[in-house]
Each structure stands twice: as C-alpha cells, then as structure tokens.
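Peer 1:
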Amino acid sequence: MSSIELKAVEKWFGDVQVIKGVDLAIEEGEFVIFVGPSGCGKSTLLRMIAGLEETTRGQILIGERDATAEPPSKRGLAMVFQSYALYPHMSVRENVGFPLKSAGLPKAEIDAKVDEAARVLKLDGYMDRRPKDLSGGQRQRVAIGRSIVRDPTAFLFDEPLSNLDAALRVEMRYKIAKLHQTLKSTMIYVTHDQVEAMTLADRIVVLEFGKIAQVGSPRELYEKPANLFVAQFIGSPR
Ligand code: ADP
Ligand code: MG
C-alpha cells in the first residue's frame, strides 16, 4: 500500500506555475529524497504534502484518504524544518511533550512517550536543559523528538541539516539513518546535498523546474541517469 501518493499535482503562484504535474507513489516505510537545484520546487512540493501550501490542481492521497483539501493538523504528518523553532523558556522535556500537552493527553502518557523519544534520540541526559544550553545537533534532535511523540504517518524534512557545521552534519545524517531503521516510518526528505541523498535514500526524486526528471534508487540514478541534467546533478560520469 502506498503511504503517500501524488497524482498530477500542480502549484501555481498567480500565473506562475512552479509544480508542473507531479505523479509519485511513496511506499510505506520508504525513505524518499527530493533533490534538485535551488528554486526547482522541492520545498513547495513538500509543503503541499504537509498542507502548508494549497494544491492548485491534482490530488494528494495519504493512506487511502484524499487529503488534498485537509488542513495540516488533519494529515498526521510531522514536518521538521531547518530552523529548530524550539520554545526557549521550556526545558527539553517540555518542548518534546508540548504537542501532546496541547492535545490534552494525561501526564503519565505524555511522560512515557517523551521518555521513549528521548531514548530513541539519545536525549536522556539533557531533559531538564533549556534550548540555549544545547548544541545545534542536540536542538535538532529535540525538534525531531517533538514530532516523533505524535506517531506521525510520515516525517517530512526540509534541508534539516543545512544550518549545521560539516562534522555535525555527518553525525546527524547517521542519526537520521538510525531513526529510519528504528521507527520504520515513511520519510520524505528535501536536500540539495548529493551525499545526503545518495547515502540516506531508498529512492531519489530529481526535480527540474517543477517536474520530475527521474525517480530511482541512488544506484539506478548513478548508473543510468535519464538525461544530462540528472547525470550532472548526481555527479556520475556520463
Ligand atoms: P526549492 O525549495 O527547490 O529551492 P521552492 O519550492 O522554494 O524551491 O521554490 C520554487 C519556486 O517557487 C521558486 O521560483 C520560488 O521563487 C517560487 N515560490 C516559492 N514560494 C512562493 C510564493 N509564496 N510566492 C511566489 N513564488 C513562490
Ligand atoms: Mg527549499
């Protein structure tokens, strides 16, 4: 069963079309990465899946459900942004538990879910700290923790590592790969970093001016790029 399916989706900003008819079926548990140059529509497409941008034409299915017109809160997806947007006055524990507290869950249930997220993300030692006393990588993990507790159908990441320094980026890349192995959730991940795409993805979607240039495993794209654009982008010797 597809976890998320895009059917002929288009996005127009006024009379400018930025997503030009995208069809894509993402399997449950799949790690799919959108790559492509700046301005090709990666963030717009992800935001359409999240419900943060209206879909001008076409359909977005989540599970079997037509979610095209659903507000973000109904879609059951977790969006992790590149800026961490943690609450500075709350501890790590309160930040991670915040979505559950807002939803009115009982405290014992919140504590159990927060402890589980802390264990998965190795945040156990930091639960009483404020965001300002954490490193960039730790803050990023808290932000991911806050989305894990809601058991989302899928995680959506928009260049989550682009604000981190090179060493931390490698460490976080490894942690995100572990997270995918542990949770086995569907993940859709936007990056312009080829190394991230090649190492994390089950399938890579290469976007070119709002259209899919090619979809395939890292190996397929490397060995059989569909055109020069993909070859140059993936950096293969075609
Ligand atoms: P990417 O994430 O691949 O860099 P974006 O999805 O952010 O690309 O942008 C795709 C195109 O849509 C760009 O040309 C951008 O200028 C345009 N765009 C994005 N958001 C808006 C908006 N709110 N209004 C008008 N144009 C937009
Ligand atoms: Mg973007």
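full-length UniProt numbering applies: residue 1 is where the sequence shown begins, and numbers increase by one.
C-beta: ideal position from N, C-alpha, C; glycine also.
All values derive from a computational prediction rather than experimental measurement.
Report yes or no: do the segment 19-38 and the segment 195-204 share at least 3 C-beta pairs separated by less than 8 Å?
Peer 2: Touching, per the Cβ criterion.
Peer 1: May I ask you to report which of helix, strand or coil DSSP gives R119?
Peer 2: Helix.
Peer 1: Apart from the five residues just before and just after E70, which ones in its own chain have a Cβ nearer than 7 Å to its Cβ?
Peer 2: Within the same chain, E70 has close Cβ partners G51.
Peer 1: Which residues bound the alpha helix (DSSP H) around E94?
Peer 2: From DSSP, the alpha helix (DSSP H) with E94 extends over V92 to S102.
Peer 1: At what residues does the beta strand (DSSP E) containing R129 begin and finish?
Peer 2: R129 -> no beta strand (DSSP E), and no H or E assigned at all.
Peer 1: Taking K74 as part of the beta strand (DSSP E), name the residues at either end of that continuous run.
Peer 2: Neither: K74 is in no beta strand (DSSP E) and is coded neither H nor E.
Peer 1: Given a threshold of 16 other Cβ atoms within 10 Å of its Cβ, counted over all protein chains shown, does L100 qualify as buried or as exposed?
Peer 2: With 16 or more other Cβ atoms within 10 Å, it is buried.
Peer 1: Do D193 and the ligand MG come close, with the Cβ less than 8 Å from some heavy atom?
Peer 2: Answer for D193: no, Cβ out of range of the ligand MG.
Peer 1: In whole angstroms, give me the CA-to-CA distance for D151 and L228.
Peer 2: Cα-Cα distance, rounded: 40 Å.
Peer 1: Hey, which residues come within less than 5 Å of the ligand ADP, measuring from Cβ to any heavy atom, in chain order?
Peer 2: Those satisfying the condition are, in chain order, F13, V18, S38, G39, C40, G41, K42, S43 and T44.
Peer 1: How should Q214 be labelled, buried or exposed, when 16 other C-beta atoms within 10 angstroms of its C-beta is the threshold for buried?
Peer 2: Per the 10 Å Cβ criterion, buried.
Peer 1: Which residue comes first and which comes last in the alpha helix (DSSP H) that contains L221?
Peer 2: L221 -> alpha helix (DSSP H) spans P218 to E223.
Peer 1: Quick one: give me the first and last residue of the beta strand (DSSP E) that E10 is part of.
Peer 2: Where E10 is concerned, the enclosing beta strand (DSSP E) stretches over S2 to F13.
Peer 1: For T186, report the span of its beta strand (DSSP E) as first-last.
Peer 2: It spans T186 to V190 - the beta strand (DSSP E) in which T186 sits, taken as one unbroken run.
Peer 1: Tell me whether E53 counts as near the ligand MG, meaning its Cβ is closer than 8 Å to at least one heavy atom of that ligand.
Peer 2: False, no ligand heavy atom lies under 8 Å from that Cβ.
Peer 1: If you check the beta carbons only, do L86 and V142 fall under 9 Å apart?
Peer 2: Yes, they are a contact pair.
Peer 1: Hey, is S185's beta-carbon within less than 9 Å of any beta-carbon in chain C?
Peer 2: Within the model displayed, chain C is absent; a lone protein chain is all it includes.
Peer 1: How is the alpha helix (DSSP H) around R150 delimited, first residue to last?
Peer 2: Here R150 belongs to no alpha helix (DSSP H), and DSSP marks it neither H nor E.
Peer 1: I'd like the span of the alpha helix (DSSP H) that includes A197, first residue to last.
Peer 2: Segment Q194 to L200, the alpha helix (DSSP H) holding A197.
Peer 1: Pick out whichever of R65, D23, G97 and F13 has its Cα sitting closest to the Cα of E54.
Peer 2: The option with the nearest alpha carbon to E54 is F13.
Peer 1: Beta strand (DSSP E) containing L134: first to last residue?
Peer 2: Per DSSP, L134 belongs to no beta strand (DSSP E) and is neither H nor E.
Peer 1: Suppose you measure from the CA of A8 to the CA of L61; what does that come to, to the nearest Å?
Peer 2: Cα-Cα distance, rounded: 11 Å.
Peer 1: From the DSSP output, read off the bridge partner residues of E208.
Peer 2: BP columns for E208 point to K211.
Peer 1: Apart from the five residues just before and just after Q181, which ones in its own chain have a Cβ nearer than 8 Å to its Cβ?
Peer 2: Closer than 8 Å at Cβ, skipping near neighbours: no residue.
Peer 1: Quick one: is the Cβ of V190 within less than 8 Å of any heavy atom of the ligand MG?
Peer 2: Yes, Cβ of V190 sits closer than 8 Å to a heavy atom of the ligand MG.
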